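Report on one structure; see the data block that follows.
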């Protein structure tokens with residue numbers, strides 16, 4: 718019996734040490750980032766062929782942390798497809814469509830049920846920036 722009580726005591730001590738180690742282990746946190754959409758406006762121009770041109774004006778205030786890209790998801794509902802993508806910022810930079818991650822570039826992924834647009838810019842923090850995302854929507858008018 719004395720060896721059994723020693724074993725229980727030893728297991729209890731080990732459990733306490735393991736629990737203490739887990740509690741006292743520092744946790745690595747991701748850099749805290751936050752932003753606020755100050756404005757999100759949309760201009761729509763209907764074309765004679767039934768398509769329409771859309772330009773989204775997104776003013777984003779980067780409030781905490783460093784940012785190097787933005788993204789937008791557009792679900793494919795109530796239209797056939799989107800093309801003629803453009804992207805500019807308030808400084809007049811015209812972004813080129815590519816599949817890299819260089820500043821002043823953007824990519825468009827068409828998964829069939831949604832578009833994912835990602836744009837890349839030099840590191841920004843504690844500033845506001847306006848991005849203008851343009852496109853042409855096909856077969857989206859209902860009448």
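Numbering (my numbering), first residue to last: 718 to 860. We put the beta carbon where it would ideally sit given N, CA and C, even for glycine. Keep in mind that this is a model prediction, so the values were computed, not measured.
{"query": "For residue 853, the residue or residues it bridges with in DSSP", "result": "770 and 800"}
{"query": "Counted within 10 angstroms of its Cβ, other Cβ atoms place residue 743 as buried (16 or more) or exposed", "result": "Legend: pLDDT at residue 743 = 42, less than 50; position of this residue unreliable, value from coordinates given subsequently. Counting Cβ neighbours within 10 Å, residue 743 comes out exposed, since fewer than 16 surround it."}
{"query": "Extent of the continuous beta strand (DSSP E) to which residue 817 belongs", "result": "That residue, residue 817, is in no beta strand (DSSP E); it is neither H nor E in DSSP."}
{"query": "Those residues which DSSP pairs with residue 787 across a bridge", "result": "836"}
{"query": "Supposed contact pair residue 841 and residue 779 - C-beta distance, whole angstroms, cut 8 Å", "result": "5 Å"}
{"query": "Rounded straight-line distance, which links the Cα of residue 790 to that of residue 820", "result": "20 Å"}
{"query": "Contact set for residue 854: own chain, Cβ-Cβ below 7 Å, skip 5 residues either direction", "result": "768, 769, 771, 796 and 799"}
{"query": "CB-CB length for residue 851 against residue 803, believed under 8 Å", "result": "4 Å"}
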